[in-house]
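Enquirer: Have a look at the structure that comes next, please.
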Amino acid sequence: MLWSLIKILLFLALVVGLAFGVDSLLATSGGIQISVANTEFTLGPLQSIVALLILLLGLWLMLRIAGLLVAILRFFNGDETAISRYFSRNRERKGFQALADGLMALASGEGRLAMQKAARAERYLGRPDLTNLITAQAAEMAGDREKAEETYKSLLADERTRFVGVRGIMKQKLAAGDTEMAMKLAEKAFALKPAHSETSDVLLRLQAKAEDWSGARRTLRAKLRHGDLPRDVHRRRDAVLALSEARDVLDDDNTIDAREAAIEANRLSPDLVPAAVLAAEGYIAGGKARYAARVLKKAWEVTPHPDIAATFAAIAPDESAEDRIKRFAQLTKVHPDHPETRMMLAELHIAAEDFPAARKALGDLSSTAPNARALTIMAAIERGEGADDTIVRGWLTRAVTAPRGPQWVCDNCHGINARWSPVCENCQSFDTLSWTDAPEGEVDMPGSAGMLPLIVGAPATDAGKPGDNNGNPGDLTDDADKPDIAEMDAAAGGDTEDTAQAGDDDAETGEPRSQVIDVTPVVKDAI
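Residue numbers (the working numbering): 11 to 537.
Here is the structure:
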């Protein structure tokens, strides 16, 4: 309000001042006389002021016209002028409009249209660092791989777009299945941008697939250093890679290094079952049974697993069934209600021919959580107690169609893997295998989930004879009363020859023996 009042007062003062000035000029005598070609012009004071203003206006117009002429000459000479800037802004406006249209077409999935708009934008802007990005992605979308790769290669010349070019070519090689070249490009892209999460993940996956465990561990450390990986996840994955290194060393028959690598993997992640098993096997080979038992017990406290039980049995392979039950109390008293503990204890009692104790240990597992292994154990118990053959066959028939229980299942693709590995054999994801129940409807039976782990001991070659040196019982029934061997093996998930072959493979690969057990002779020995 005050400011408005001040402006009004100033306007009034200006009007009064101008009026006073004009009145003074009119009252002034004299003027200006101008003589041109013997003609005199007399101008009064007010007329003189008006003439001066007109003269200044004319001079200003002349200067502007002269400037325009100079600008036209410079424009034709190629220099930057207001005229050239006008046309440049017009071209930029059209170029950026084409660029925006290209981005919209790319987002809409119209690859060909996006390529056309990118070419138009390039004509107007002359900015390949912008337009080539759209062209490459649009070419990928349109299925023109040659054009996409050519465009990505053109991005390598500019330092600002070099990473994008390397990454684009890497994706092209991955799509074409050239993993060797893709890994080299991933290493180059990782060197350009170590903090780029997607590139480091691709490099880690390719290194794991190529079994470059030391390189994968370096990549993993870099991800931790750049804050791209939580520390607990890094420890777990580093343990997985250390375990894989240990297996490679074991394949090279360098047992000392293999033991050290396995122990390191177990130290990094005590709950990683394969690492605990491999570390324990190293201790057993070195005659350190106490260390092996401690490693396995610690892993069992986290996750009861048949491989742990099988390796725990291997600490004292020649002990009697009764002594084995006593020694296994270190495990059975941990998680006593866990299904794995109950099935393991039932198998121990079957080996000791204490079938009532085996039934008690198994409890209601065959009805509350029936799986192929629990039902097969129940068939062995029934046979050991002298049940009718139809009852035994009934349990085995249920076992054939029952769920297979926990297996190595990929968290990413939910596919079943026959044995643990750092990379899923189905989707090539890294560190995604978990020991869990398979998705509903899966019926594949991997060797790592054998019906009766090796904890019951190896059967004798003449197991049917009474009074043999291994303490095996004699024939409890006639041959006609025994269950069909094919049915027993079908319940286990494979035939005898396949399982025996798997056992040979196990000896070559160094996998825990519980993962490739032939069920049929064990059941025969138990009954």
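Where a beta carbon is used, it is the ideal one built from N, C-alpha and C, also for glycine.
Which residue marks the beginning of the beta strand (DSSP E) containing S444, and which one marks its end?
Expert: In the sequence shown, counting from the first residue as 1, residue 444 sits at position 434. That run of the beta strand (DSSP E) goes 443–447.
Enquirer: Given that a residue counts as buried once 16 or more other Cβ atoms are within 10 Å of its Cβ, and exposed if not, what is S254?
Expert: Stepping through the sequence shown from its first residue, residue 254 is reached at position 244. Looking at its Cβ environment, which holds 16 or more other Cβ atoms inside 10 Å, S254 is buried.
Enquirer: Would DSSP call A48 helix, strand or coil?
Expert: Position 38 of the sequence shown holds residue 48. Here the sequence assigns Asn to residue 48, which means Ala is not the residue at that position. Residue state, collapsed to three classes: coil.
Enquirer: Taking the C-alpha atoms as reference points, what is the distance between R352 and S224?
Expert: Reading the sequence shown from its first residue, position 342 is the one you call residue 352. Reading the sequence shown from its first residue, position 214 is the one you call residue 224. Each residue's alpha carbon lies about 40 Å from the other.
Enquirer: Which one or two residues does DSSP pair with I426 in a beta bridge?
Expert: For the purposes of this step, residue 426 is taken as the residue at position 416 of the sequence shown. DSSP lists V419 as partners of I426.
Enquirer: Assuming V344 contacts A309 under a Cβ cut-off of 8 Å, what Cβ separation, rounded to an integer in Å, is found between them?
Expert: The count along the sequence shown starts at 1 and reaches residue 344 at position 334. The count along the sequence shown starts at 1 and reaches residue 309 at position 299. About 11 Å; that fails the 8 Å criterion.
Enquirer: Output needed for D248: all residues of its chain with C-beta closer than 7 Å, excluding positions within five of it in sequence on either side, in chain order.
Expert: Here the question's residue 248 lines up with position 238 in the sequence shown. The residues are R227, L230, L278.
Enquirer: Using only alpha-carbon positions, find the residue among D441, A448, P449, T446 that is nearest to A218.
Expert: Locating residue 218 in the sequence shown gives position 208, counting from the first residue. Checking every option, the nearest Cα to that of A218 belongs to D441.
Enquirer: Just to check my reading of the structure: S444 and V419 have Cβ atoms closer than 8 Å, yes? What is that Cβ distance to the nearest angstrom?
Expert: Locating residue 444 in the sequence shown gives position 434, where the first residue counts as 1. Locating residue 419 in the sequence shown gives position 409, where the first residue counts as 1. Confirmed, Cβ separation roughly 6 Å.
Enquirer: Quick check: G541 and R130, are their CB atoms within less than 9 Å of each other?
Expert: For the chain, the structure presents residues 11 to 537; residue 541 sits outside this window and is missing.
Enquirer: So N436 and P413 are supposed to be a Cβ contact under 8 Å. How far apart are they, rounded?
Expert: Translated into the one-based positions of the sequence shown, residue 436 becomes position 426. Translated into the one-based positions of the sequence shown, residue 413 becomes position 403. With 8 Å as the limit, N436 and P413 do not qualify as a contact, their Cβ atoms being about 20 Å apart.
Enquirer: Out of curiosity, what's the CA-to-CA distance linking L12 and D33?
Expert: Taking the first residue of the sequence shown as position 1, residue 12 is located at position 2. Taking the first residue of the sequence shown as position 1, residue 33 is located at position 23. C-alpha separation (whole angstroms): 32 Å.
Enquirer: Mind reading off the beta-carbon distance from T145 to A167? Whole number of angstroms is fine, and I expect it under 8 Å.
Expert: Here residue 145 corresponds to residue number 135 of the sequence shown, with the count starting at 1. Here residue 167 corresponds to residue number 157 of the sequence shown, with the count starting at 1. About 15 Å; that fails the 8 Å criterion.
Enquirer: For the stretch 362–389, which segments carrying the beta strand (DSSP E) assignment without a break, of at least 3 residues, lie completely within its bounds, in sequence order?
Expert: Given a length threshold of 3 residues, the stretch 362–389 has no whole run of the beta strand (DSSP E) inside it.
Enquirer: So which of G404, K370, A448 has the shortest CA-CA distance to D421?
Expert: Residue 421 sits at position 411 when you count from the first residue of the sequence shown. For D421, the nearest C-alpha among the options comes from A448.
Enquirer: Restricting to Cα atoms, I'd like to know which of G396, L358, Q147 is closest to A124.
Expert: Along the sequence shown, one-based indexing puts residue 124 at 114. Ranking the options by Cα distance to A124, first place goes to Q147.
Enquirer: Nearest-angstrom Cα distance between F365 and A295?
Expert: Counted from its first residue, the sequence shown places residue 365 at position 355. Counted from its first residue, the sequence shown places residue 295 at position 285. Computed Cα separation, rounded: 34 Å.
Enquirer: Assign F539 to one of three DSSP states: helix, strand, or coil.
Expert: The structure shown does not extend to residue 539, since the chain is modelled only from 11 to 537, so the question has no answer here.
Enquirer: For the 8 Å Cβ check, are there 3 or more pairs between the stretch 98–113 and the stretch 67–87?
Expert: no
Enquirer: Could you tell me which residues DSSP pairs with V433 in its beta bridges?
Expert: As a position in the sequence shown, residue 433 is number 423, starting the count at 1. Answer is F440, bridged to V433.
Enquirer: Please go through the stretch 173–229 and give each complete alpha helix (DSSP H) segment of 4 or more residues, from N-terminal end onward.
Expert: 189–202, 207–219
Enquirer: Can you find the residues in the same chain that come closer than 6 Å, C-beta to C-beta, to A389, ignoring five residues on each side of it along the sequence?
Expert: For the purposes of this step, residue 389 is taken as residue 379 along the sequence shown, with counting starting at 1. Hits under 6 Å: V402, W405, L406.
Enquirer: Report the rounded CA-to-CA distance for H424 versus T446, giving the unit in angstroms.
Expert: For the purposes of this step, residue 424 is identified with residue 414 of the sequence shown, where counting begins at 1. For the purposes of this step, residue 446 is identified with residue 436 of the sequence shown, where counting begins at 1. Near 10 Å, if we compare the C-alpha coordinates of T446 and H424.
Enquirer: So, is M180 buried or exposed, given that buried needs 16 or more other C-beta atoms within 10 angstroms?
Expert: Translated into positions along the sequence shown, residue 180 becomes position 170. Burial call: buried.
Enquirer: Could you have a look at R352 and say whether DSSP puts it in helix, strand or coil?
Expert: Within the sequence shown, numbered from 1, the residue matching residue 352 stands at position 342. Correct three-state label for R352: helix.
Enquirer: State yes or no: is the C-beta of L213 within less than 9 Å of the C-beta of E190?
Expert: The count along the sequence shown starts at 1 and reaches residue 213 at position 203. The count along the sequence shown starts at 1 and reaches residue 190 at position 180. Not closer than 9 Å, so no.
Enquirer: Confirm, please, whether the CB-CB distance from I318 to I360 is below 9 Å.
Expert: Reading the sequence shown from its first residue, position 350 is the one you call residue 360. Reading the sequence shown from its first residue, position 308 is the one you call residue 318. The answer is no: Cβ separation not under 9 Å.
Enquirer: Closest to D238 by CA distance: which of K203, A256, A252, L216 is it?
Expert: Numbered from its first residue, the sequence shown carries residue 238 at position 228. The residue with the shortest Cα to Cα distance from D238 is K203.
Enquirer: For S439, which option in A220, L24, T400 has the closest C-alpha, if you only look at C-alpha atoms?
Expert: Position 429 of the sequence shown, counting from 1, holds the residue named residue 439. For S439, the nearest C-alpha among the options comes from A220.
Enquirer: Count the other CB atoms within 10 Å of the CB of Y96; is the residue buried (16 or more) or exposed (fewer)?
Expert: One-based indexing of the sequence shown puts residue 96 at position 86. When all chains shown are included, Y96 counts as exposed.
Enquirer: When you compare only the Cα positions, how much space is there between T342 and P327?
Expert: Working through the sequence shown from its first residue, we reach residue 342 at position 332. Working through the sequence shown from its first residue, we reach residue 327 at position 317. In a straight line, the C-alpha of T342 is about 18 Å away from that of P327.
Enquirer: For F21, which residues in the same chain have their Cβ closer than 6 Å to its Cβ, ignoring the five residues on either side in sequence?
Expert: Within the sequence shown, numbered from 1, the residue matching residue 21 stands at position 11. Same-chain partners within the cutoff: there are none.
Enquirer: From the DSSP output, in three-state form, read off H236 for me.
Expert: Sequence index remark: in the sequence shown, residue 236 carries index 226 (1-based). In this structure, H236 counts as coil in the three-state DSSP scheme.
Enquirer: In angstroms with no decimal places, state the Cα-to-Cα distance between L375 and D211.
Expert: Translated into the one-based positions of the sequence shown, residue 375 becomes position 365. Translated into the one-based positions of the sequence shown, residue 211 becomes position 201. If I take the Cα positions, the gap works out to 42 Å.
Enquirer: Could you pull out every residue in the same chain whose Cβ sits closer than 6 Å to the Cβ of L15, ignoring the five residues on either side in sequence?
Expert: By 1-based counting over the sequence shown, the position of residue 15 is 5. If we look at L15 and ignore the five residues flanking it on each side, it has no Cβ neighbours.
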